[in-house]
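Take a look at the structure below.
In the working numbering, the protein residues as written are 1078 to 1249.
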C-alpha cells in the first residue's frame, strides 16, 4: 500500500509502507514525481528496451551548508510554477551546545520525513513526539525546531518548496 503526501502544485512524495503488520519500515526509496506519480507510466527493462538509448549521467547539484548543520541540495526543475525545490539530509544530535532556536520561513513550505530514530518537533511552541516513518508539514510562518534528547541520532530528510534560502528564515 502506498501513502502519498500531496504537496503544492501537484508535486507528490510517495513512501511505501506496510499496513498489514503495522510495523514501520525503513525508507527504501523516496519518489519525487511531477506530474503526480502514475504506476502506468513505469516501465521495467524487460518491457521497454531501446538499444539506441544512451544513458544520461545524473549531475549532482552542489551541496550547501545550512545554519543548523544540515546539508542542502537544490534541485531546479525548469519552468515549473514554483521553480525549485531543495532537499536537506541531516542528523539531529543530542548535544545542548548544538541546539538551535526555533525558526520559521516566510514563504517556504517544509516537509520533514523521519528516516531513523526518535525525537521531538516543536511547532508553534508545542512539542510532538516523532519517529521513523513520520511525515511532518510545516507551513510558512510556523516556528519550528527539531529536538533530540536521546543518545541516538535522529535522521531526517527535509523538502522545501520553493527552494530553501537563508533570506526566507525568520525568528519569532
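Backbone N, C-alpha and C define an ideal beta-carbon position, used for all residues, glycine too.
Separation of residue j from residue i, as counted between CA atoms
| i | j | result |
| --- | --- | --- |
| residue 1148 | residue 1142 | 5 Å |
| residue 1140 | residue 1233 | 16 Å |
| residue 1220 | residue 1115 | 34 Å |
| residue 1252 | residue 1205 | Absent from the structure is residue 1252, since the part of the chain shown begins at 1078 and ends at 1249. |
| residue 1244 | residue 1180 | 12 Å |
| residue 1096 | residue 1208 | Low confidence applies to residue 1096: its pLDDT is 30, below 50, so where it sits in the model is not reliable, and the reading given next is rough at best. Each residue's Cα considered, the two are about 17 Å apart. |
| residue 1178 | residue 1223 | 9 Å |
| residue 1190 | residue 1211 | 6 Å |
| residue 1163 | residue 1188 | 11 Å |
| residue 1144 | residue 1203 | 22 Å |
| residue 1182 | residue 1246 | 5 Å |
| residue 1103 | residue 1201 | Model confidence at residue 1103 stands at a pLDDT of 49, short of 50, so the residue's coordinates are unreliable; what they give is reported in the following sentence. Distance between the alpha carbons of residue 1103 and residue 1201: 29 Å. |
Helix, strand or coil at residue i according to DSSP, with G and I counted as helix
| i | result |
| --- | --- |
| residue 1209 | coil |
| residue 1224 | strand |
| residue 1102 | Bear in mind that the predicted position of residue 1102 carries a pLDDT of just 47, short of 50, making it too unreliable to give a figure here. |
| residue 1176 | coil |
| residue 1141 | strand |
C-beta atoms of residue i and residue j nearer than 8 Å
| i | j | result |
| --- | --- | --- |
| residue 1230 | residue 1193 | yes |
Closest Cα partner of residue i within the set the options
| i | options | result |
| --- | --- | --- |
| residue 1184 | 1190, 1207, 1214, 1238 | 1238 |
| residue 1228 | 1187, 1212, 1144, 1196 | 1196 |
| residue 1213 | 1225, 1182, 1236 | 1236 |
| residue 1225 | 1176, 1164, 1163, 1144 | 1176 |
| residue 1218 | 1144, 1186, 1163 | 1186 |
Cβ-heavy atom distance, residue i to the ligand GDP, below 7 Å
| i | result |
| --- | --- |
| residue 1200 | With respect to the ligand GDP, the structure shown offers nothing to examine, as it has no ligands at all. |
Per-residue burial, residue i [other beta carbons within 10 Å of its own, 16 or more giving buried]
| i | result |
| --- | --- |
| residue 1215 | buried |
| residue 1248 | exposed |
| residue 1241 | buried |
Interface flag, residue i vs chain B, CB-CB below 8 Å
| i | result |
| --- | --- |
| residue 1177 | The structure shown contains no chain B; it is built from a single protein chain. |
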